[in-house]
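To convert, count from 1 in the sequence shown and add 21; that's this note's numbering.
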Amino acid sequence: MTTESKLLSGLRVLVPRGGTWGDLVAQALREQGAHPVIAPLVDFSHTSEEDKLVQALKDLESGHFDWMTATSSTVADVLSHHNAVVHPDTQVALVGEATAVAFREAGYPVTRTPSEENSTHALLEEWPEIDEPGVLKVLTLRSDVAIPVLTEGLIGRGHDVTQVLAFRTVGVPVSVHIREDIESGRINALLVASAKIAEEVAAQFPDLPESTIVACIGPNTLSVATAAGLRDNADSAVKQALLETVESVIDQSDMLD
Numbered sequence: 022m023t024t025e026s027k028l029l030s031g032l033r034v035l036v037p038r039g040g041t042w043g044d045l046v047a048q049a050l051r052e053q054g055a056h057p058v059i060a061p062l063v064d065f066s067h068t069s070e071e072d073k074l075v076q077a078l079k080d081l082e083s084g085h086f087d088w089m090t091a092t093s094s095t096v097a098d099v100l101s102h103h104n105a106v107v108h109p110d111t112q113v114a115l116v117g118e119a120t121a122v123a124f125r126e127a128g129y130p131v132t133r134t135p136s137e138e139n140s141t142h143a144l145l146e147e148w149p150e151i152d153e154p155g156v157l158k159v160l161t162l163r164s165d166v167a168i169p170v171l172t173e174g175l176i177g178r179g180h181d182v183t184q185v186l187a188f189r190t191v192g193v194p195v196s197v198h199i200r201e202d203i204e205s206g207r208i209n210a211l212l213v214a215s216a217k218i219a220e221e222v223a224a225q226f227p228d229l230p231e232s233t234i235v236a237c238i239g240p241n242t243l244s245v246a247t248a249a250g251l252r253d254n255a256d257s258a259v260k261q262a263l264l265e266t267v268e269s270v271i272d273q274s275d276m277l278d
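Here it is in structure tokens:
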């Protein structure tokens, strides 16, 4: 039995996102003996750049781009929704296990993912084509709340980058049942997986029980959570086990670009 499974055994954990991300995280938690409760606090809505997105997808189908990038599994949903076609000559660079799974399940190609640490920074380091002579035409598709690390990294190397906000992240109120379980302490831990989720947790659950573990993924999320007044269980071994379990299957990619 692993240390994580001893610490997480029987723990009821709120998983704040659905889809591929939520499924991967829930499975990882179950394998460590926890009881995940998938209750999305965010959802994804149409982009404010719909016309720009439609044109970019037409250019994608025509072969205008050398590469396309995505760091969120939601991008696969956006492509499917628009019946988008990736030209055979266009290569696809992805970050995140959930992103790669979603792309493959939707029938889209995956050319490159980081081989070591599955992060945006690692992709920039392990992507040899972007450091070769010449200018690449790259389409980057991302969320409106993502920090454009990958986009800026490509622009900084002199490439021709078309960046499009492919979707908006919006808050979702939880059901009365979930709210009661959180306020009563029947849900023992909350995963806070992005700055937007931190804002939703603070707004929807202003009176969390003292015993509730708040596990923030990534320094940006933690900073926003702290500013919003969420408690940080910094010395909690259970929190550390939660973070290690989650980070074993996902990363912070779709908060970055």
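In this text, a Cβ means the ideal position worked out from N, Cα and C, and glycines have one as well.
Checklist entry - Between which two residues does the alpha helix (DSSP H) containing G40 stretch? => result In the sequence shown, residue 40 corresponds to position 19, counting from 1. Annotation: the continuous alpha helix (DSSP H) that includes G40 extends over 40-52.
Checklist entry - For A60, which of L32, H198, V116 has the nearest alpha-carbon? => result One-based indexing of the sequence shown puts residue 60 at position 39. If we check each option's Cα against that of A60, H198 comes out closest.
Item to check | 8 Å CB neighbourhood of E220 in its chain, flanking five on each side removed | outcome: Taking the sequence shown and counting its residues from 1, the one referred to as residue 220 is at position 199. For E220, where only same-chain residues beyond five positions count, the Cβ hits under 8 Å are G192, V245, A249.
Checklist entry - Apart from the five residues just before and just after I151, which ones in its own chain have a Cβ nearer than 6 Å to its Cβ? => result Translated into the one-based positions of the sequence shown, residue 151 becomes position 130. R178.
Checklist entry - Which runs of the alpha helix (DSSP H) spanning at least 4 residues fall entirely within the stretch 162-227, listed in chain order? => result 170-177, 197-205, 216-225
Next on the checklist: So within the stretch 86-150, which uninterrupted beta strand (DSSP E) runs reach at least 3 residues, ignoring any that extend past its ends?
Outcome noted: 88-91, 112-115
Checklist entry - Measuring CB to CB, does R51 end up less than 8 Å from A214? => result Taking the first residue of the sequence shown as 1, we reach residue 51 at position 30. Taking the first residue of the sequence shown as 1, we reach residue 214 at position 193. No, these two residues do not count as a Cβ contact at 8 Å.
Checklist entry - With C-beta atoms as the reference, is W88 less than 8 Å away from L157? => result As a position in the sequence shown, residue 88 is number 67, starting the count at 1. As a position in the sequence shown, residue 157 is number 136, starting the count at 1. Their beta carbons are under 8 Å apart, which means W88 touches L157 by this criterion.
Checklist entry - Thinking C-beta only, is A97 closer than 8 Å to A123? => result Against the sequence shown, residue 123 aligns to sequence position 102. Against the sequence shown, residue 97 aligns to sequence position 76. Cβ distance < 8 Å, so A123 and A97 count as in contact.
Checklist entry - Can you tell me the Cα-Cα spacing of A262 and H102, whole angstroms? => result Stepping through the sequence shown from its first residue, residue 262 is reached at position 241. Stepping through the sequence shown from its first residue, residue 102 is reached at position 81. The straight-line gap from Cα to Cα measures roughly 37 Å.
Next on the checklist: Tell me the residue span of the beta strand (DSSP E) that contains A236.
Outcome noted: On the sequence shown, residue 236 is found 215 positions in, with the first residue counted as 1. Taken as a continuous stretch (DSSP letters only), the beta strand (DSSP E) holding A236 covers 234-237.
Checklist entry - Is it buried or exposed for G43, if we count other Cβ within 10 angstroms and need 16 for buried? => result If you number the sequence shown from 1, residue 43 lands on position 22. Under this definition G43 is a buried residue.
Checklist entry - Cβ of L186 within 7 Å of any heavy atom in the ligand ATP? => result In the structure shown, the ligand ATP is absent, as is every other ligand, since no ligand is present at all.
Item to check | Within 8 Å, strictly: CB atoms of T90 and F65 | outcome: The residue you call residue 90 lines up with position 69 of the sequence shown. The residue you call residue 65 lines up with position 44 of the sequence shown. The answer is no: Cβ separation not under 8 Å.
Item to check | Buried or exposed (CB count within 10 angstroms, at least 16 for buried), Q112 | outcome: Your numbering for residue 112 matches position 91 in the sequence shown. Taking every protein chain shown into account, the CB of Q112 has 16 or more other CB atoms within 10 angstroms, so this residue is buried.
Item to check | Extent of the continuous alpha helix (DSSP H) to which V75 belongs | outcome: Position 54 of the sequence shown, counted from the first residue, corresponds to residue 75. Per DSSP, V75 belongs to the alpha helix (DSSP H) from 71-83.
Next on the checklist: On the CB-based measure, 16 or more other CB atoms within 10 Å of its CB, does K79 come out buried or exposed?
Outcome noted: For this step, residue 79 is matched to residue 58 along the sequence shown. By the 10 Å Cβ count, K79 comes out exposed.
Item to check | 8 Å Cβ shell around S196 - same chain, five flanking residues per side excluded | outcome: Locating residue 196 in the sequence shown gives position 175, where the first residue counts as 1. Only A60 meet the Cβ criterion.
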